[in-house]
Amino acid sequence: MAFEGLGERLQATMDRIKSKGKVSETDIKVMMREVRLALLEADVNFKVVKQFINQVKERALGSDVMQSLTPGQQVIKIVKEELTELMGGDNQKINLSQKPPTVIMMVGLQGAGKTTTAGKLALHLRKNFNKKPMLVAGDIYRPAAIDQLETVGKQIDVPVFALGDQVKPQQIVTEAMAHAKAEHLDTVIIDTAGRLHIDEALMDELKDIKEIASPDEIMLVVDSMTGQDAVNVAESFNDLLDITGVTLTKLDGDTRGGAALSIRSVTEKPIKFAGMSEKMDGLETFHPDRMAQRILG
Ligand code: GDP
1 MAFEGLGERL QATMDRIKSK GKVSETDIKV MMREVRLALL EADVNFKVVK QFINQVKERA
61 LGSDVMQSLT PGQQVIKIVK EELTELMGGD NQKINLSQKP PTVIMMVGLQ GAGKTTTAGK
121 LALHLRKNFN KKPMLVAGDI YRPAAIDQLE TVGKQIDVPV FALGDQVKPQ QIVTEAMAHA
181 KAEHLDTVII DTAGRLHIDE ALMDELKDIK EIASPDEIML VVDSMTGQDA VNVAESFNDL
241 LDITGVTLTK LDGDTRGGAA LSIRSVTEKP IKFAGMSEKM DGLETFHPDR MAQRILG
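The letter at position 29 of the sequence shown is residue 29 when you use UniProt numbering, and the numbering goes up by one with no holes.
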C-alpha cells in the first residue's frame, strides 16, 4: 500500500502531540524534526521538505495556535493543510477543448504506464464526459506497443488509429487528426514513444508531435514507484515540452510516496490523475486533500 511507511511515522508523531493541552516551542521543534525525517525517508525531494517544514513551523509557532485550547489539533490541521497545498490544493481538471477534437498527448518513459493510462483516460472521458475518443498508436519503436494499444482499444471498445511501424510518428499524427475530424471523433489521445532515459531524438520527435497536434493536454505519465527519479523525469519533460498535467501510476503499489509529494512543487504542474490498478477502470481523479488525509490517517 502506498504511503504506508510515511503514514505510520507521521501518524505516530501526530498522536503524540494530538492530546497535548499545552504545546511548547520545543514540542513543535521535536515534532517537525520527526516529520522532516519521515518525509526524507519517503524519498521526498530535500528542497521540498525544507520548504514544507519552514511553512508548517511558521504557522504552528504563531501565537493563535500556541494559545488556543487545542494546540495539538491545530498543529495537525496545519500539517494537513500544508500537505494538501504541497500536492496542489484543489483537483485540477483535465483540459477539454471547446472546439473538438480535444487532443491529449501522452508522454513519459518506457514502462511508466502511458499505453495503459491512454486507455484508462479514453474510458474515463467516455463514461464521465460522454466523449467519443480515438487512440493513436504513435510509438513505432517498441515492437509490442501498437499491438498493446489495439488490445486496450478492443477491451474498452474505443477505435485505435494505427499505420504500423514503418510510418513516421509525425505522419501518423497528421493523418490521425484528419481521420478524427472526418469521423467526428471529439477526443484524440496520442500514445507516444518512451525510452528508458530521456534522449534528444525522442524529445525532438515529441516536440514535432506537439507542433502538429497542438494538444490541449500534454499528460506526463510517471511511475510513482521510481521515487526521486520520477521527479527528475518530470522536471526534464516539463522543461522540454511544457507539460500541462501529470498522471502518477502504480499508487496501488508500495511506493513510499515521495514522488506524489514532490512533483507538484518541483514542476508547478498539477497531478490530475492517479493510477490505482492495471485494469482499465483503475484511474482515479487525484484529490490532494484526500491524499493528505490518507497519509495522515
Ligand atoms: P508504457 O511503456 O509507458 O506504455 O507502459 P505500459 O502502459 O505498458 O505499462 C507498464 C506496466 O505497468 C504494465 O504492466 C501495466 O499493466 C502496468 N501499470 C500501468 N499503470 C499501472 C497502475 O496504475 N497500477 C499498476 N499496478 N500497474 C500499472
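Cβ coordinates follow ideal geometry from the N, Cα and C atoms, glycine included. Quick caveat: nothing in here was measured; it's all calculated off a predicted structure.
Under 7 Å Cβ to Cβ from residue 36, same chain only, skipping five residues before and after it: list those, please.
The residues are 49, 53.
Buried/exposed call for residue 247, threshold 16 Cβ in 10 Å:
Residue 247 should be labelled buried.
Whether residue 220 touches residue 101 by CB criterion (8 Å)
For residue 220 and residue 101, no; Cβs fall outside 8 Å.
Between which residues of its own chain and residue 159 is the CB-CB distance below 6 Å, once the five residues before and five after are set aside?
Correct list, in chain order: 134.
Can you give me the Cβ contacts of residue 166 inside the same chain, cut-off strictly under 8 Å, excluding the 5 residues immediately before and after it?
Counting only Cβ-Cβ distances below 8 Å, and skipping sequence neighbours, we find 140.
What do you get for residue 143, buried or exposed, if any count of 16 or more other CB atoms within 10 angstroms of its CB means buried?
Exposed is the call here.
Looking at the ligand GDP, does it come within less than 7 Å of residue 162, judged from the CB to the closest heavy atom?
Residue 162: no, Cβ never under 7 Å from the ligand GDP.
Segments of 3+ residues assigned as beta strand (DSSP E) that fall wholly inside the stretch 170–229
Counting whole runs of 3 or more residues, the stretch 170–229 contains the beta strand (DSSP E) stretches 187–192, 217–223.
Quick check on residue 302: does DSSP put it in helix, strand or coil?
The structure shown does not extend to residue 302, since the chain is modelled only from 1 through 297, so no value can be given for it.
Residue from 279, 249, 287, 254 whose Cα sits closest to the Cα of residue 113:
Among 279, 249, 287, 254, the Cα nearest to that of residue 113 belongs to 249.
Euclidean distance between Cα positions of residue 223 and residue 45:
When rounded, the distance between both Cα atoms is 16 Å.
What runs of the beta strand (DSSP E), each 3 residues or longer, lie entirely inside the stretch 108–160?
Qualifying beta strand (DSSP E) stretches, in chain order: 133–138.
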